[in-house]
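Following: one structure in structure tokens, then a few remarks.
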Amino acid sequence: MDSVCIATPSFPPILGGGEVHAYQIAKAFSSMGIRVEVHTLGKSRTVDQLSVVGHRFAWRCDSLPVYLNGLAMSRRSFIWNLYTLTKSGYVFTPHNSVEALSQRGYRWLGVSIANKACKIIAVNEWEKMKIESLGVTREKIVVIPNGLPDMAIKKPVTKEVGDYLLYIARVSPGKNQLSIIKVMDKVDLKLYMIGPIANQNYFNEIVREIKSRRLEDKVKYLGVVSDEEKYELIDKSFAAILFSNTEEAEGIAVKEAMARGKPVIVSANGALPFLVKNGDNGIVIHNEEELPNAIEELKNSTLRERIAENNIKHPAIMTWDEVAHRVYSVLMKCYSNS
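Note that the sequence shown covers residues 52 to 389 in the working numbering.
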């Protein structure tokens, strides 16, 4: 197989989880000597030497092996999904889109598209479970995690136990930074937050909460940082934290901290408790009041060493090149039989 079509409803410069996946797989395939055509909604363009073929309504790449990356979510682009329903035999990574369509009343469409695939790639065991629960054929599903930037895995680790928790997430109600801020006066650590402001009103609420609790010296928003700065902040932290109150489909920032051998504290939502096993590679908390106890547990040096070792060796920690080779293997098996 020397060529492949990646059909994805959106593609960079849009930067969500699905778009990053499509871009990274396309780049990795290209570096493997595979001719890649990316088909997406919008205008045709070139992105980092990748050929991106734009379409107004639906993808067209009938002569190539197809890697279908997610489903269209907006009503305006719904023809994309209806056209996809006429196809079969593709390899499909849903990125939680089958469940998202089901929640909008289109379960039949998402499940039909999934069942017409040769293979479905779930990015973790949680997504696999959710897809199965919707009635998708279990035997079609394989688990291949999303990759991480090379720097997250290969950059030398600075082993420190710092005096702050690091919250890596966009600032929005779903990421739930505010709940953790409300208990920071009960712990003996600082809280640093990094990530873009996705909801200005929520950020303003955070600022008011910090001031009302007089936590200006203890809780700080550091803004958007470079990857180099992010990994240095992870390395020098006490632990990374993500206390989302919505179902996290992946938790890439958590995986980045794990790749650095850092303990992680997460909520029991979505894929997070599948990724983090309590006491094995981090701590799972069910409400913010459990944070002080989690911190006390992580002060045990023996536990921290075990967590560091388990996180670095965790099977979900892969480079994008490793992920691309696994996806390619699935495509080969499907299309060699067609």
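For each residue, glycine too, the CB sits at the ideal point set by N, CA and C.
Counterpart residues of residue i in DSSP-defined beta bridges
i      : result
Ala58  : His90 and Leu119
Ala173 : Val194
Thr370 : Leu199
Thr144 : Asn120
Val275 : DSSP output for Val275 lists no bridge partner at all.
Val270 : Leu242
Gly424 : Given a span of 52 to 389 for the chain in the structure shown, any question on residue 424 remains unanswerable.
Arg96  : Val103
Residue i in three-state terms, based on DSSP
i      : result
Val317 : strand
Asn166 : helix
Met52  : coil
Ser102 : strand
Tyr379 : helix
Lys205 : helix
Tyr134 : helix
Ile85  : coil
Ala291 : strand
Tyr215 : strand
Arg189 : helix
Arg155 : coil
Phe80  : helix
Gln161 : It should be noted that the sequence gives Gly, not Gln, for residue 161. It is helical.
Burial state of residue i, where buried means 16 or more other Cβ atoms lie within 10 Å
i      : result
Arg265 : exposed
Glu360 : exposed
Thr137 : exposed
Thr353 : exposed
Glu279 : exposed
Asn255 : exposed
Glu321 : One point to set straight first is that residue 321 is Gly, not Glu, in the sequence displayed. Result: buried.
Glu356 : exposed
Asn227 : buried
Ser139 : exposed
Ser148 : buried
Boundaries of the beta strand (DSSP E) in which residue i is found, first to last residue
i      : result
Ala220 : Where Ala220 is concerned, there is no enclosing beta strand (DSSP E), given that its DSSP letter is neither H nor E.
Bounding residues of the alpha helix (DSSP H) (the contiguous stretch that carries residue i)
i      : result
Lys281 : Asp278 to Asp286
Glu347 : Leu342 to Leu349
Ser352 : Ser352 to Ile363
Ala300 : Note, Ala300: premise wrong, no alpha helix (DSSP H); not H, not E.
Quiz item: Mind pulling the beta strand (DSSP E) runs of 3 or more residues that sit fully within the stretch 217–267?
Solution: 241–245
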